[in-house]
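**Student:**
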Amino acid sequence: MKKALKDQNPIEWEPPKPTKQYIHEGAALNTLSQCTAYQIIRSKKSKQIPVRILTKNSVETTLKYLKRTFGITITEQSLWKSQRKKIIPKNISDFLWKITHDAVKCGKFFANIPTWADKQFCPCNGVESPKHILFD
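Numbered according to our numbering, the sequence shown spans residues -4 to 131.
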């Protein structure tokens, strides 16, 4: 087969027509804008991302705290957007994200490292946590 194609004049050779099994339905690339493609990708990814229980609990606690302490009722979406405002420095925004997702490397993080297991405890013998570090 390769030899037969090699012997043919490349100008005269035409690729075979696609059969039905190779024709895919979907967005036509010549009419697809980058914005629309991005929206499609984001919608597919958002369906795949499971809800983190610790994050959900943290967000609910924050919303209840804002309501109880300041009388402010906001949505979860506005809470997330407020963490990304330009007036908040990047390092503070990153720290807020880590606090919300329970991703600060303290306490129980060190429990999984055999040589550092003792670093999970603070001098008062309690397990370190962001709440304990900041408020206790």
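Glycine residues also receive a C-beta, built at the ideal position from the N, C-alpha and C atoms.
Let me make sure I understand the geometry here. Which of K42, S77, T70, S41 has the alpha-carbon closest to that of E55?
**Tutor:** Residue numbering aside, residue 55 sits at position 60 when the sequence shown is read from its first letter. Closest by alpha carbon: T70.
**Student:** Given 8 Å as the limit, is there contact between the stretch 114 to 126 and the stretch 93 to 102, that is, 3 or more CB pairs closer than that?
**Tutor:** Cβ pair count under 8 Å is three or more, so yes.
**Student:** What is the DSSP secondary structure of V122, reduced to helix, strand or coil?
**Tutor:** As a first step, residue 122 must be located in the sequence shown, where it is residue number 127. Looking at V122 - three-state DSSP - the assignment turns out to be strand.
**Student:** By Cβ distance below 7 Å, which residues in the same chain neighbour R79 in space, the five residues on each side in sequence not counted?
**Tutor:** Taking the sequence shown and counting its residues from 1, the one referred to as residue 79 is at position 84. So the list reads S88, once near-sequence residues are dropped.
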